[in-house]
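Report on the structure given below.
Number of protein chains: 2
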Amino acid sequence: MINLYELEQFVLFAETGSLSEVAERIHISAPTLSRSMQNVEATFGVPLFNRTKNRLTLNTTGLKAVEYSKTLLSTASDTLMKVREYDKKLQTIVVKSCAPAPLWKLLPTLNMLYPSMTIATSICDINELDAAISENSYDILILPYMTKALSEDSQFFLMDEHLSICVRKDHELAGKPSVCMKALNGYNFLLRSELGFWDKLCRQNMPASKFLVQNDEFEFNELVSNSSLPSFITDVAIDRYPIPQNRIAIPISDADANVSFYIAVKNTSKYKGLLSKLKQ
Amino acid sequence: MINLYELEQFVLFAETGSLSEVAERIHISAPTLSRSMQNVEATFGVPLFNRTKNRLTLNTTGLKAVEYSKTLLSTASDTLMKVREYDKKLQTIVVKSCAPAPLWKLLPTLNMLYPSMTIATSICDINELDAAISENSYDILILPYMTKALSEDSQFFLMDEHLSICVRKDHELAGKPSVCMKALNGYNFLLRSELGFWDKLCRQNMPASKFLVQNDEFEFNELVSNSSLPSFITDVAIDRYPIPQNRIAIPISDADANVSFYIAVKNTSKYKGLLSKLKQ
DNA sequence: TATTATTACGTTAGGCGTAAAGATT
DNA sequence: AATCTTTACGCCTAACGTAATAATA
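Spelled out as structure tokens, the structure:
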């Protein structure tokens, strides 16, 4: 049976050309390494070396053996790597959501129910979520509708979210009880990044508007407080991102802006604990 | 570092489903095998087993690990096999000849010069020899001409051979000093098998003749002695296959039937000893 | 003389089996 | 009670390093 440790020494010798040099490099004694090479030769069962009195070199068979040994060693490390990778995947819950707010609700519950699991969340466009479905690269999805690409059994209502604009109290729209996106088209807005499908929704329904996207939360808040540009807020986000005193929220009346989110799980039995928790 | 012996036990366990059964099968104790499985698990570094108190089973990661381990083990045995194969090829001289007689001359010399080498001889058609050239699947070739597919430096004259027919003394051709193949066309002949290009030569030049091919040397000789059918003989073969008293050899005059054989070697430096020996 | 490979040899770590324990059917 | 896995423990092999040898540049 091949000893992979000795085989590693063997290819190291091939790349170095000297026993003593390898011995020093890997911190074993020269006699040990010499014996290892004899063992390798014995397991192959054919001569691999030219032995002159004080110089060991590979013969042509030895060179071939090195070549094959390298691929063997690399498949060996592949074997380890892939199994570890597989195990890691088993221990991570991949959550892909079309919007951030549902994650705020979902993550604390997930962490509580599966404390040993790693939870990998990402906010995706709808087409990315569709891709995740067809590639099976998810454990949990959050969509703004029930998809027909998955069975109804695996999808459940999660929560509603209602979009408002957030304007200075002196803004020309400030007095209205509600607005529609058509009326908003043309106004420029402050927008946070990582909004998922909200971002696309705004751009599609207000093509004449421009959106100043802010990546940084602090900078975004500063701008909301100190500029006159309108921004967005939702009923769910209002706890996390309170409205400044000089601003007021005005609900958007469009159906598109009042969303129901649905959770879809790949493995219903694995997450039945989660699902029953969410129903409460 | 993976221990392949333990890994073998691991896949054996996967195929069997019980430690004690495997232990019995491969003649080691159950505790040793138990430890081996613990070692395998440790080298992978992830859980591979479900451990109930008295039943060990693989988890899903374990099943993946078995899968990868099987391919690793098979590439390991491939590695051994291919290196051994390569070594074996280095230690065999592959000789392909268009006819048997040149081998009679060549083989004793080869055996004397390279006593440790295995010599693999075969008698081939010309097109097989051409294939051997393009596939590099030879060490020494014997052709009835100098081929242009190889450099002149690697080809040398070996010997001549002259074909005769061998007829009963009462045969109608028995009195002739020589014959041409055109005149022989239509006669039926006894023919030995394994004649290489001689066989094709006869069939091409005497298409109206029939050839009774004998595989067995004894049977062939019996027929030559006891039938009236003409056969063939050459000057080189005459020592090995003496002409019966009731027969006589008549030389064939065609140029095709009087051949010069050439030896071609793949590695001239490797066989320069042989070549200088042959020149004597 | 310095460097290199290998053999000799003594020590010790680790691998194996026996015995035993703990648990299940 | 029989079967199965795992732990405990002692033996003994075999793997390692040091020291020595032999040979070369």
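Protein sequences, first through last, are from chains P and G. Under the numbering used here, think of the first position of the first sequence as 1, with each following residue one higher. Under the numbering used here, think of the first position of the second sequence as 1001, with each following residue one higher. We put the beta carbon where it would ideally sit given N, CA and C, even for glycine.
Distance, residue j Cα to residue i Cα
i         : j         : result
LYS1070/G : VAL1011/G : 7 Å
ASN1059/G : LEU129/P  : 30 Å
SER1018/G : THR1079/G : 30 Å
LEU190/P  : SER225/P  : 11 Å
TYR1086/G : PRO1115/G : 19 Å
PRO242/P  : GLY175/P  : 20 Å
TRP1198/G : ALA1101/G : 11 Å
TYR1271/G : ILE1093/G : 10 Å
THR16/P   : THR57/P   : 10 Å
ASN188/P  : ASN111/P  : 39 Å
ALA1014/G : ARG1055/G : 13 Å
ALA1257/G : LEU63/P   : 48 Å
LEU980/G  : GLN1280/G : The structure shown does not extend to residue 980/G, since chain G spans only 1001 to 1280, so no value can be given for it.
ASN246/P  : SER134/P  : 47 Å
LYS1088/G : GLU41/P   : 15 Å
PHE218/P  : SER269/P  : 41 Å
MET81/P   : LYS53/P   : 42 Å
ARG1035/G : ARG35/P   : 27 Å
C-beta atoms of residue i and residue j nearer than 9 Å
i         : j         : result
LEU278/P  : THR43/P   : no
THR118/P  : LEU103/P  : no
VAL265/P  : ILE126/P  : no
LEU106/P  : LEU158/P  : yes
SER1096/G : TYR1068/G : One detail in the question is off: residue 1096/G reads as Lys in this sequence, not Ser. Not closer than 9 Å, so no.
THR1061/G : LEU1048/G : yes
ASN1039/G : GLU1006/G : yes
LEU1184/G : THR1234/G : no
GLY186/P  : SER151/P  : no
SER228/P  : ASP153/P  : no
Cβ-based burial, residue i [other Cβ within 10 Å; buried from 16]
i         : result
LYS148/P  : exposed
ARG1051/G : exposed
PRO31/P   : exposed
ASP1202/G : In the sequence as displayed, the identity of residue 1202/G is Cys instead of Asp. When all chains shown are included, CYS1202/G counts as buried.
ARG1240/G : exposed
MET206/P  : buried
ALA65/P   : buried
PRO1177/G : exposed
ILE1165/G : buried
ILE1250/G : buried
LEU212/P  : exposed
MET181/P  : buried
GLN1155/G : buried
ILE1026/G : exposed
ALA1023/G : buried
PHE1220/G : buried
SER1276/G : exposed
MET37/P   : buried
Same chain only: Cβ atoms within 7 Å of residue i, ignoring 5 sequence neighbours per side
i         : result
ALA76/P   : LEU4
PRO1244/G : VAL1224 and SER1225
GLU1222/G : none
ILE2/P    : THR43
LEU33/P   : GLN9, LEU19, VAL22 and ALA23
VAL46/P   : THR61
SER1029/G : ALA1023
Assumed close pair residue i, residue j - CB separation to whole angstroms, cut-off 8 Å
i         : j         : result
LYS248/P  : VAL167/P  : The sequence as given places Ile at residue 248/P; Lys does not occur at that position. 6 Å between Cβ atoms; contact.
MET90/P   : LEU274/P  : It should be pointed out that residue 90/P corresponds to Leu in this sequence rather than to Met. No, LEU90/P and LEU274/P are not in contact; Cβ-Cβ is about 17 Å, not under 8 Å.
GLU161/P  : VAL236/P  : 5 Å
SER1253/G : VAL1179/G : 7 Å
Beta-carbon proximity list for residue i, same chain, < 6 Å, skipping 5 on both sides
i        : result
ASN215/P : SER193
ALA255/P : none
Residues near residue i in its chain [Cβ-Cβ closer than 8 Å; skip 5 each side]
i         : result
TYR1145/G : SER1260 and TYR1262
CYS1124/G : LYS1096, SER1097, CYS1098, ALA1132 and GLY1196
LYS1200/G : ASP1125 and ILE1126
ASN267/P  : ASP139
GLN204/P  : none
ASN1136/G : LYS1266
Residue i CB to nearest heavy atom of the ligand SAM below 8 Å
i        : result
LEU191/P : In terms of ligand content, the structure shown is empty, and the ligand SAM therefore cannot be addressed.
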